DNA sequence: TTAACTTCTTACCATAGGTCAATTTTTATT
DNA sequence: AATAAAAATTGACCTATGGTAAGAAGTTAA
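Protein chains in written order, with this note's numbering: chain A, -6 to 184; chain B, -6 to 184.
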């Protein structure tokens, strides 16, 4: 929690009351590897801030194939924003790739901060805007790069993540099969 | 402008002063087909609300190929959020696909609303969240659907847009070549 | 209306990446 | 450490989509 508060204070001035409010609406939780925080099809109203470990969100399509939307490591937020925003049941599953520590927030209560403590707004907005920007970049990358180039970029963006992920997690994030990723890796070691 | 105000009031209560402020920082502009509002490589600080017509944002990659990030029709916002958020020169070009009317806002001034009129915040946040959700969906679609399925979905989402767009605009949005789109279309008429 | 230009289609071939199945390697469990 | 289970690799083959080029069809502007 201290770390999140520090990150917030890095960007905005946060009153003691706001800090206490944040504290009051969050729960520190630890999940084992393989634990499922949100399950596709079930209700969602939590969002998670990762303080340690590694999680991912993915969906399973009509053919039973997994597609990874996001990895979340230390200091990232993760949830099913589609479901929360549209007030639907989860379209994604969020699972731990290794033992992880998170701060669990109720999505509605976190919105309440903005009413109670408008000072918090620039932080929230900055987060959302950064999120939009990263999604725009991902879409543009998907449109213009080959699978191999996307993999290179992935390794730059998540330099230490391979120790926690399975091959098929990464493949399903890049939009290829695990077999293709395996072949791409072989090519790279040749050069 | 009236329409935007109406849309805002639909969601939040907007004071007369806030309304006047919005009015004071926007300019109604009309652009001809082919006009370029933002050009890749140049400075950006404007965001546009479309009141009539159709625009798109795209980037040109190292091989000279275009990749469409977004189409914007009536009541949509369009700009180069990557550039604005990161304070960089434009990574995208925004052009009119037909004669269009827009409200032009200075990106910094529009942020000012939130300081001056905190009441506006829920509207802004709702927009951003909806944007995130639509980008998540687009990424998931790109990961799990075939080109033909993505085209079907595109036609559902933008039912009337084909009259303004060239074949290659749509292809470059779907992540395929215009030739492939042409073939997909032929297949559809067969069935 | 014609000419000039742009866009779309089509045919043929090429290729990145997918599928399936067998095998090897890694990881988890006892 | 031994075993079982899960994941990764590999090879043979397949398919969706890309590349190229030429001609057809639209569009624009004089």
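By construction, the Cβ of each residue, glycine as well, lies at the ideal position given by its N, Cα and C atoms.
These figures come from a predicted structure and were not determined experimentally.
Counting along the chain, residue 43 of chain A sits inside the beta strand (DSSP E) bounded by residues 39 to 45. Contact of residue 168 of chain A with chain B is assigned, a C-beta pair being separated by under 9 Å. Look at the segment 11 to 34 of chain B: it has no residue with a C-beta under 9 Å from a C-beta of chain A. Straight-line spacing of the CA atoms in residue 24 of chain A and residue 89 of chain A works out to 7 Å. Distances from the CA of residue 68 of chain A to each of A:2, A:7, A:41, A:14 were compared; the closest alpha carbon is that of A:41.
Taken in chain order, the complete alpha helix (DSSP H) segments of 4 residues or longer contained in the segment 44 to 98 of chain A are 74 to 79.
The beta carbons of residue 166 of chain A and residue 122 of chain B sit no closer together than 9 Å. Close to residue 171 of chain B, with beta-carbon spacing below 8 Å, lies no residue of chain A; the smallest spacing is near 14 Å. In this structure the segment 95 to 104 of chain A lies against the segment 33 to 50 of chain A, because at least three pairs of beta carbons, one per stretch, are closer than 8 Å. For residue 31 of chain B, the beta-bridge partners assigned by DSSP are B:87. Residues of the segment 126 to 158 of chain B with a C-beta atom less than 7 Å from some C-beta of chain A are 126, 128, 129, 130, 131, 132, 133, 135, 136, 137, listed in chain order. In the structure shown, residue 110 of chain A falls within a coil segment according to DSSP collapsed to helix, strand and coil. Excluding residues up to 5 positions away in sequence, nothing lies with its Cβ nearer than 6 Å to the Cβ of residue 183 of chain A in the same chain. Boundaries of the alpha helix (DSSP H) harbouring residue 165 of chain B: 160 to 167, taken from the DSSP string.
Counting other Cβ atoms within 10 Å of its Cβ, residue 109 of chain B stays below 16 and is therefore classed as exposed.
For residue -4 of chain A, none of the residues of chain B pass the 8 Å Cβ criterion, the least Cβ distance being about 23 Å. The beta carbon of residue 77 of chain A sits closer than 8 Å to the beta carbons of 37, 38, 40, 100 from its chain, once the five residues preceding and following it are set aside; these are given in chain order. In this structure residue 6 of chain A is not in contact with residue 86 of chain A, their Cβ atoms being roughly 38 Å apart against a cut-off of 8 Å. Here residue 4 of chain A is exposed, its C-beta having fewer than 16 other C-beta atoms within 10 Å. Under a criterion of Cβ atoms nearer than 9 Å, no residue of chain B is adjacent to residue 162 of chain A; the nearest Cβ is some 13 Å distant. A distance of 9 Å or more separates the beta carbons of residue 137 of chain A and residue 162 of chain B. Annotated three-state conformation of residue 175 of chain B is helix, per DSSP. Cβ-Cβ distances below 8 Å link residue 173 of chain B to 140, 164 in the same chain, with the five nearest sequence neighbours on each side left out; the list follows chain order.
Between the alpha carbons of residue 149 of chain B and residue -3 of chain A lies a gap of roughly 41 Å. Spatial neighbours of residue 10 of chain A in its own chain (CB-CB distance under 6 Å, excluding positions within 5 residues in sequence) are not present. With its beta carbon less than 9 Å from one in chain B, residue 52 of chain A belongs to the interface. With contacts defined as CB atoms closer than 9 Å, residue 151 of chain B and residue 64 of chain B qualify as a contacting pair. Taking 9 Å as the cut-off, the Cβ atoms of residue 19 of chain A and residue 120 of chain A do not count as close. DSSP links residue 24 of chain B through a beta bridge to B:93.
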